Every structure is written in C-alpha cells, then in structure tokens.
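Notes follow once the structure below has been shown.
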Amino acid sequence: MNAASLSTPLPPDVRVTQFTTLVVAAAVAVLLLAAAAGWVARQPLFAFGGIRLDGDVSRNSAANIRANIASKLTGNFFTLDLQSARQVFESLPWVRHAVVQRVWPNLLEVTLEEHKPAAVWKGDEGNDRLVNTYGEVFEANVGDVDDDDLPEFSGDEASAPEMLAMYRRLNPVFAPLGLEVARLSLSGRGSWEAEMDNGAVVEIGRGSDEEVLARCARFVRTVTQAAARLPRGWSQADLRHTDGYALRLKGAAGAAAHTPTTH
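Under this note's numbering, the first residue of the sequence shown carries the number 1, and numbering increases by one thereafter.
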C-alpha cells in the first residue's frame, strides 16, 4: 500500500455517520452529566441546615421569622430561587428590604433592613398605616410603634415622600414659637395645612416649597407681636392672603383679626 492510498478521503456518507455519532455521544454525555448533577443537588447533604439572620431584627424575633418563612422556602442550596426567597422575607411585617445569600454548603444568610417609622399615614375608615424614613407608606400595626409623638399625614399616598420632606423643613421654621407640626395634610389641589402640637391650625396654602416655607417664616416673625394684642391668643391662622394673614381667636366661632405681613 503506497502513501497515496493512505490519504484517500473517506466517502461522504461515512463522514456524516462519524459526525452524527460524535454529536449523539456528546449529547448523551451532557444529559448524563445533567442527570448526575441533578441527583447530587437533590441529596439531603445540601438541604439548608440553618438560616443566619443579620441586620435589623428588633421588630421580628429570629424564632418568629423562621416560623413564618419555613413553609414558604422551597429548594436546597442549589435549587433555591434567591429572588423568590427575598420576596418571602420582605413579606414579613416591618421588613423593608432583604438580602439573601447562600453560604456553602447548606446555610442561608439573610440580612434584613426594617422600616423605621417617621409618621402615621391616616387612611379612610381608620385604616391607618405608617410612613418610613424614606417617605414610603407601609403596612404595620400602628399600635406596635413605641413613639407616641409621630406626626400624622393625610393626602394622596403618592405624595408621602414630599410630605415627609416638607414636615422636616417646616419644624425648624415654627421652632421659634415653641411649636411643632403634629398633623400635616396636602389637598388634591396642592394646598398645605398644618396642625401644631398645641392644637392650633395653620392654613398655609399652595405654592412651591420655597414659597410655602417663606410664607411660614414671615408668619413666625410677626405673629408674636400680633398675638400680643389678642388677649385669648389664636387658634387658627390663614396664610393664604397676599397682603398678610388672618388669625382666629381662641374660643371664637367666627371672629378673626387680619394682620398685614411685614417683609
């Protein structure tokens, strides 16, 4: 047999047969590996042996958390859907955010961030909720809040972040009068009303944040002198006048004193 005969190419049908055989063998190998991996992943060795909790757990005890999520987590170290697991933890009362991670070989590590209440959101028919420090309205038992002095907000729920920001800016403005905002409302037309911790009501009106704050600051600068002429003091102030504001006397049903604003 000479060299020329050794280099003769294989017939096309033989090459196709060889290629097909290689493809089938590779596919079978992949399937076998997948089956083996699936079998290994289902072994009890990789079932979660514990949950390590970190972060904020003051509102939910570790035992309570484990009891509430045990039946809702499905899978083991390899098969657990971390996105679904995160949603399970975030469905717990007071939990704002959860980070869920696997720790080899059978531990689930969860870092929780709890809501920190900043205000009470007044709902219809007593369906009150809470506003956290990010201005997000969330469901929780208002009775579980330790702070009895949280302000109350009312308005369109979408305006909660704006209301929290305004509340934080209004309090320093009224501080010289020894007053603090206890209730804040924002109408659908964008008109602000604040009730102070002494029960006095201030109709602030509409405008940009800077216009609203400037109007309140002018009121604070002049109301002490104006109220000195009112023996019973004032229970309501209307700042929606362009040339000043109106004060309603304490105990008076309709009497009010109009006071020009000094700039």
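Here a beta-carbon is modelled for each residue, glycine too, at the ideal position from N, C-alpha and C.
Keep in mind it's a predicted model, so treat the numbers as computed, not measured.
List the endpoints of the continuous alpha helix (DSSP H) containing residue i.
i      : result
ASP209 : 209 to 227
ALA63  : 62 to 69
In this structure, does DSSP put residue i in helix, strand or coil?
i      : result
THR111 : strand
ARG86  : helix
GLU203 : strand
LEU150 : coil
ARG248 : strand
GLU136 : coil
ARG52  : strand
TRP121 : strand
ASP144 : helix
ARG169 : helix
ALA158 : helix
ALA182 : strand
LEU164 : helix
LEU130 : strand
Restricting to Cα atoms, I'd like to know which of the options is closest to residue i.
i      : options                           : result
ASN106 : PHE78, THR224, ARG129 and GLN236  : PHE78
ALA228 : ALA70, ASP144, LEU247 and LYS122  : LEU247
GLU90  : LEU22, THR17, ALA140 and TRP104   : ALA140
ASP156 : GLN101, GLN236, SER191 and GLY207 : SER191
VAL100 : HIS115, ALA165 and SER84          : SER84
ASN198 : THR20, TRP234 and TYR245          : TRP234
VAL202 : ASP209, ALA194 and SER208         : ALA194
GLN236 : VAL220, LYS250, SER208 and GLU114 : LYS250
LEU164 : ARG218, ALA47, ASP243 and ASP209  : ASP209
PHE174 : ARG221, LEU80 and ALA47           : ARG221
What's the gap between the Cα of residue i and the Cα of residue j?
i      : j      : result
ASN171 : ALA200 : 14 Å
PRO161 : ASP144 : 22 Å
ALA214 : GLY123 : 30 Å
GLY205 : LEU239 : 7 Å
GLN225 : GLY188 : 34 Å
ASN60  : ARG86  : 16 Å
GLY49  : TRP104 : 11 Å
PRO265 : LEU82  : Residue 265 falls outside the range modelled here, since the chain spans only 1 to 263, and no answer is possible.
SER58  : ARG102 : 23 Å
ILE65  : LEU92  : 8 Å
PRO117 : ASN132 : 4 Å
VAL212 : ARG218 : 10 Å
LEU179 : HIS115 : 27 Å
LEU80  : ALA62  : 21 Å
LEU177 : MET196 : 11 Å
At a Cβ threshold of 9 Å, is residue i touching chain D?
i      : result
GLY251 : Of the protein chains in this structure there is only one, and it is not chain D.
Consider the C-beta atom of residue i and the heavy atoms of the ligand NAD; say whether any pair is separated by less than 8 Å.
i      : result
PRO105 : In the structure on display, the ligand NAD does not appear, and there are no ligands present to speak of.
Between which two residues does the beta strand (DSSP E) harbouring residue i extend?
i      : result
ASP238 : 234 to 241
ALA98  : 95 to 103
ALA194 : 192 to 196
Should the segment 53 to 62 be called in touch with the segment 100 to 112, which here means at least 3 C-beta pairs below 8 Å? Contact holds: three or more Cβ-Cβ distances are below 8 Å.
Are there three or more Cβ pairs, one per stretch, closer than 8 Å when the segment 136 to 152 is compared with the segment 89 to 99? Yes, since at least three Cβ pairs between the segment 136 to 152 and the segment 89 to 99 fall closer than 8 Å, the two stretches touch.
Decide if the segment 173 to 190 is in contact with the segment 144 to 153; the criterion is three or more beta carbon pairs, one per stretch, under 8 Å apart. Because the criterion of three Cβ pairs below 8 Å is met, the segment 173 to 190 and the segment 144 to 153 touch.
With a cut-off of 8 Å, do at least 3 Cβ pairs link the segment 68 to 77 to the segment 116 to 131? Result no; under three Cβ-Cβ pairs closer than 8 Å.
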